[in-house]
Every structure is written in structure tokens, then in C-alpha cells.
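Data first, discussion second: the structure below is written as C-alpha cells.
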Amino acid sequence: MPITKESSTEYLYVKRSQYEQLKRELAELKRLIFGSKSERFVPNTDALQLGLFTEASKVTNESEQTQISYHRSKTKKHPVRLPLASHLPRVEEIIEPKNIVDGSIKIGEEITEILEYKPSKVYVRRIIRPKYALPNQAGIAIAALPSLILPKSNVGAGLLAHICVSKFVDHTPFYRQIQILKREGVVVAMSSMTGWFSKGVIQLGVLYEVLQKLILQSQYLQADESPIKVQDNHKKGSLHTGYHWVFHAPVDGLVLFKYDSSRSAKVPKDFLQQFSGTLQTDGYKAYQNLSTKHPIKLLACMAHARRYFEKALDNDKSRASYAMEQIQQLYAIERKIKERSLNTQTIKRYRELYAKPILKKLHVWMQQEYPKVLPKSAIGKAFAYSLNLWDKLSAYTQDGKYLINNNLIENAIRPLALGRKNYLFAGSHKAAQNAAMMYSFFATCKINDVNPYKWLHDVFERLPEHKANKLEELLPQNWKNPAVD
47 MPITKESSTE YLYVKRSQYE QLKRELAELK RLIFGSKSER FVPNTDALQL GLFTEASKVT
107 NESEQTQISY HRSKTKKHPV RLPLASHLPR VEEIIEPKNI VDGSIKIGEE ITEILEYKPS
167 KVYVRRIIRP KYALPNQAGI AIAALPSLIL PKSNVGAGLL AHICVSKFVD HTPFYRQIQI
227 LKREGVVVAM SSMTGWFSKG VIQLGVLYEV LQKLILQSQY LQADESPIKV QDNHKKGSLH
287 TGYHWVFHAP VDGLVLFKYD SSRSAKVPKD FLQQFSGTLQ TDGYKAYQNL STKHPIKLLA
347 CMAHARRYFE KALDNDKSRA SYAMEQIQQL YAIERKIKER SLNTQTIKRY RELYAKPILK
407 KLHVWMQQEY PKVLPKSAIG KAFAYSLNLW DKLSAYTQDG KYLINNNLIE NAIRPLALGR
467 KNYLFAGSHK AAQNAAMMYS FFATCKINDV NPYKWLHDVF ERLPEHKANK LEELLPQNWK
527 NPAVD
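In short: position in the sequence shown from 1, add 46, done, that's the numbering used here.
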């Protein structure tokens, strides 16, 4: 077949596209291994500085050189030690001077505070209930046994809460916890610990259902998903990849993890059937065109758009830098809003005045520049992602309660990523859902600034006797520390 001009051009275009693809993949690999993890963009001012110094050297050569000397006094700064927390108990230790002379008068004292630590205390709680024989053979009197979270077990609410927090907040697997307890002289079998945890999760199931109900009643949700390896009886010798679907209600301060064995669009479709409001996600197609009972308004995530341009810096630095500079201005506006603690109406007006002009300018520029780049190049993919989702990317300016990105939900997912590095995989699909339940509670604790151990310990003690129609009181966002009251 003869080589024509058209076929030669097409061949060169394909090869160039392949070259750009390989170049982009190599740059991405280098960035993951050696690059900075921060996505914040700092413009390069080397060229400007070079021109400034070059001009200065010319002036020096043409004019008379004068030597200038000066003396600079350097003050050494000493680090400032932060005061120790005032709520911690103080154990006083008084050290009197030796051989003090009679008649000496105390004129003051020097106080040094040192932060100390004692290992966690494990003890046995003995509940003794005296039995009394009533007169005239009227029977036996004995006090009722206090309500226990696991009545047929020998684990208390405090230890059970510690086991859960250690694994899902401090990322300490069960086998490490067993080793730590063994150092204290307490031997616990793996079967006992896993059994305690499983039964404790069953008790928390009713609270998880209430949390799920409240999430679906929220008017504004953020959604994302994260993989987790799971042992599957149907896949001997290999692990199944399941997913934790995460939903965050920023206004209400709620987080819900929901496990599913797949990443199909059916999962959010089924879960969000009763939801009506605004949903903010990345560009994953599973969230697009959801057929639910109620209309759902979709928002996109500016951080994901910025990430595409950050990856394109090695491919087309000029265009990628310009886009990131404009996005950086949008984030500067958001930082000012956060610093001033503005209400939602003022936030909307502020964005209309300052963010919308930047967004309009950036959109026009993208439309002009996109036809000039290769579609499969890194910069081409960055343009395509942003332009395809532009209406959803810029819609955060329509309501003051909306956020510019999904970063808060990614922060909620981070403990899951840290946990995966420690326990590697879930033992079953049921275990993965149990983990989802605990991550839901502890993520909600975190965003509401609630101590997870104190909360769970109190819940385990109160849950057996708590009224079913008042379970919302036990959720972290509503919980009141009884020790404070």
C-alpha cells in the first residue's frame, strides 16, 4: 500500500500521542515516588529573578564600584515551651533542701512541671451483690445486676471501647493489642477479642441505622469511595476488592461509611433513593444521572480539577501554571471567608463579587486553549475534565453552605487508608461492614471534636437501657459528656 501524505500525517499523530502518553505516565510515576505530596501551587519566579540580577550586573559594570560594609547584630531566639494542659491532675512532689539552718524563713518556691505518663490500667471489676433471707420465709432479697453491654461476656464497657478505638482510631490491629495486654500480665485469646468486638458492633447496629437515616435527611451531601481488600470464600488464594462508600453532611456534621462488594452505579442509586438535595462528588460516572425518587443537584470538586492541572505541569507548564494560578485565587477567597466566619448569605454575595469573575475568565480561556492541545496529553485531559464538569464545578457559588471541594470527605477517609496499611485486609464482607460502622462513628466524633473513647465508653454503658425513640441523643454530634455535666 503506497504511503500517502494523509497516512503519514495520521501515523505521526498516533506516534506523537503515544509518546505524550508514555511521557505523562513516566512523569506521574516520578511524581509519586520523588515528588511533593502537596498540591498547593507556588508560581516559579526564577525567570523574574534572573532578569533582575542580570540587569543589576550591567549597571555595576557601567558605573563606579563602591564597597559597602555593615555590622549586623544577631539575636539568638530561644524556643518557647507551651504550657502543660491545665485540666490534667497535678501530683505534687516537694523536695526540701538538705541541712537547712535553723531559723531559715521560706521566701518562695521554684515550680517545675513535667509531663509524665503511666501505662493504661487494666483491672477486674467485681460486682458483689449481698443476698438476704427475708423474715418469715418471705424469700431472698438481692440487688439487680447493672445493665451490661455484653451480659454473657466477661468484658466491660471500658475495655471494649478501648479495643474499638485502638483499632479504628489508633490503627492498632487486634494481635498487637493482645501483645500489649500480655505485657501487663493479661492474657486474652484472639477468639475472645474478635468475639467481643463482633458482639459489640451488633449492639451498635441500632445507632448506625439512626445515623444513616439522618444522613439521608440532610440537604447537602458529599460522596466518595475507597477500596478495601476483603477475604472471599469464593476466591481462594486471592483477595476481593470491595469499596467503602462514604457520605458526609458538612452542615450537620455527620459521616457515614457504607460497605459494598462492588463499585457499580447501583450502589449510590439504591442508597440515595430517599435523598433530596445537593450531592457533591468527583467526576466518577456512577454519580451522574442518578435515577432516584427525588431530584438531586450535582456539584463537582475543584480540588480534583486542580489535581489534573498539577499533573500536567511537566507536560505543558505554561498552560497548567496559568490554570493553577487562577484556581489558587479561588482558594484564597475561600480562606478569607473561613477566617471571617461569614454567614451563608454573605458567603454567597462575596463569591458573586470575587469568585464568579475569575471562574468566567478561566472558563473562556479553557475553551480557547483546549483545541490547541492533544486530547490524550496530560493538559488535554485536564481541560477535558474541567470543561465537561464546568457547570458543576462553578455551582458552589450558588449557595453559601456549599464548599469548593470534597477535601473534608477525603479527610474522613484518611483513617481508612492508614488502617489498611496496618491490618491489610478485612476477614470477610461482614467484617468490612463492621469496619464501616466504626469508621462512621469515629469520623463523626472527629469533625464534632468529641473524644472517641469517652463517647463510646459512655454509649456502651447507656445503650442497654436507653429509650429507642431517643437514640439520636447518643450520636457524637448530640452527645453530652456526663463527666462535664
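Beta carbons: idealized from backbone N, C-alpha and C, even for Gly. Note that the coordinates shown come from a computational prediction; the quantities given were computed from them, not determined experimentally.
With a cut-off of 8 Å on the beta carbons, I'd call residue i and residue j a contact; round off their distance for me.
| i | j | result |
| --- | --- | --- |
| residue 203 | residue 503 | 6 Å |
| residue 195 | residue 510 | 6 Å |
| residue 376 | residue 367 | In fact, because the Cβ distance is near 15 Å, the residues do not count as touching under 8 Å. |
| residue 484 | residue 210 | 6 Å |
| residue 336 | residue 357 | At roughly 28 Å, the Cβ-Cβ gap does not stay under 8 Å, so residue 336 and residue 357 are not in contact. |
| residue 379 | residue 397 | 7 Å |
| residue 230 | residue 165 | 7 Å |
Could you pull out every residue in the same chain whose Cβ sits closer than 8 Å to the Cβ of residue i, ignoring the five residues on either side in sequence?
| i | result |
| --- | --- |
| residue 480 | 243, 244 and 247 |
| residue 296 | 266, 268, 447, 449 and 454 |
| residue 330 | 271 |
| residue 350 | 328, 329, 431, 451 and 452 |
| residue 518 | 256, 260 and 524 |
| residue 180 | 186 and 187 |
| residue 443 | 394, 397, 398, 401, 402 and 405 |
Tell me which residues share the same chain as residue i and place their Cβ nearer than 6 Å to its Cβ, disregarding the 5 neighbours each side in the sequence.
| i | result |
| --- | --- |
| residue 344 | 325 and 438 |
| residue 62 | none |
| residue 320 | 262 |
| residue 355 | 366, 369, 370 and 428 |
| residue 264 | 295 and 298 |
| residue 236 | none |
Can you grab the Cα-Cα spacing for the pair residue i / residue j, in whole Å?
| i | j | result |
| --- | --- | --- |
| residue 252 | residue 505 | 12 Å |
| residue 352 | residue 431 | 10 Å |
| residue 128 | residue 515 | 45 Å |
| residue 318 | residue 494 | 24 Å |
| residue 305 | residue 313 | 10 Å |
| residue 458 | residue 217 | 14 Å |
| residue 338 | residue 417 | 36 Å |
| residue 175 | residue 137 | 35 Å |
| residue 395 | residue 445 | 9 Å |
| residue 240 | residue 323 | 39 Å |
| residue 333 | residue 498 | 32 Å |
| residue 362 | residue 419 | 9 Å |
| residue 54 | residue 67 | 20 Å |
| residue 152 | residue 134 | 28 Å |
| residue 64 | residue 426 | 14 Å |
| residue 307 | residue 401 | 40 Å |
| residue 404 | residue 364 | 18 Å |
| residue 220 | residue 284 | 22 Å |
| residue 391 | residue 347 | 21 Å |
| residue 191 | residue 197 | 10 Å |
| residue 310 | residue 477 | 21 Å |
| residue 158 | residue 140 | 11 Å |
| residue 460 | residue 154 | 51 Å |
| residue 163 | residue 146 | 33 Å |
| residue 258 | residue 302 | 7 Å |
| residue 205 | residue 193 | 16 Å |
| residue 75 | residue 423 | 15 Å |
| residue 69 | residue 520 | 54 Å |
| residue 101 | residue 71 | Since pLDDT at residue 101 reaches only 42, below the 50 mark, its modelled position is unreliable, and the value read off the structure follows with that caveat. Straight-line Cα distance between these residues: approximately 40 Å. |
| residue 169 | residue 232 | 9 Å |
| residue 383 | residue 434 | 28 Å |
Note down, in chain order, each residue of its chain lying with its Cβ closer than 7 Å to the Cβ of residue i, except the 5 sequence neighbours on either side.
| i | result |
| --- | --- |
| residue 161 | 130 |
| residue 513 | none |
| residue 57 | none |
| residue 528 | 504 |
| residue 249 | 195 and 509 |
| residue 212 | 218 and 223 |
| residue 13 | There is no way to answer for residue 13, as the model of the chain reaches only from 47 to 531. |
| residue 207 | 499, 502, 503 and 506 |
| residue 201 | 242 |
| residue 496 | 522 and 525 |
Does chain C have any CB closer than 9 Å to the CB of residue i?
| i | result |
| --- | --- |
| residue 370 | Looking at the structure shown, chain C is missing, and only one protein chain is on hand. |
Say yes only if the C-beta of residue i is nearer than 8 Å to one or more non-hydrogen atoms of the ligand GDP, and no if none qualify.
| i | result |
| --- | --- |
| residue 528 | Among the components of this structure there are no ligands whatsoever, and the ligand GDP is therefore not found. |
ask   = Below 8 Å, can you find three or more Cβ-Cβ pairs linking the region 487 to 494 to the region 378 to 396?
value = By the C-beta criterion, the region 487 to 494 is judged not to be in contact with the region 378 to 396, since fewer than 3 inter-stretch pairs fall below 8 Å.
inquiry  = Taking 8 Å as the cut-off, does the region 328 to 348 touch the region 404 to 415 (at least 3 CB pairs, one atom from each stretch)?
reply    = Of all C-beta pairs linking the region 404 to 415 to the region 328 to 348, fewer than three are shorter than 8 Å, placing the two stretches out of contact.
query = If you pair each beta-carbon of the region 287 to 300 with each one of the region 261 to 279, do three or more pairs fall below 8 Å?
reply = Put simply, the region 287 to 300 touches the region 261 to 279. At least three CB pairs are less than 8 Å apart.
key: Whole runs of the alpha helix (DSSP H) within the region 251 to 317, excluding any shorter than 4 residues   = Taking only runs of at least 4 residues, the alpha helix (DSSP H) segments lying wholly in the region 251 to 317 are 312 to 317.
ask   = Which parts of the region 141 to 204 are runs of the beta strand (DSSP E), unbroken and 3 residues or longer, counting only runs that do not cross its ends?
value = Runs of the beta strand (DSSP E) inside the region 141 to 204: 177 to 179 and 186 to 188.
Runs of alpha helix (DSSP H) wholly within the region 503 to 531 (minimum 4 residues, chain order) = For the region 503 to 531, not a single whole alpha helix (DSSP H) run of length 4 or above is found.
task = Can you check the region 445 to 486 for any alpha helix (DSSP H) of at least 4 residues that lies completely inside it and give the ranges in chain order?
result = The region 445 to 486 contains these whole alpha helix (DSSP H) runs: 453 to 469.
request  = Write down every uninterrupted run of the beta strand (DSSP E) in the region 330 to 373 whose length is 3 residues or greater and which is fully enclosed by it, in chain order.
outcome  = As far as the region 330 to 373 is concerned, its whole beta strand (DSSP E) runs of at least 3 residues are 342 to 345.
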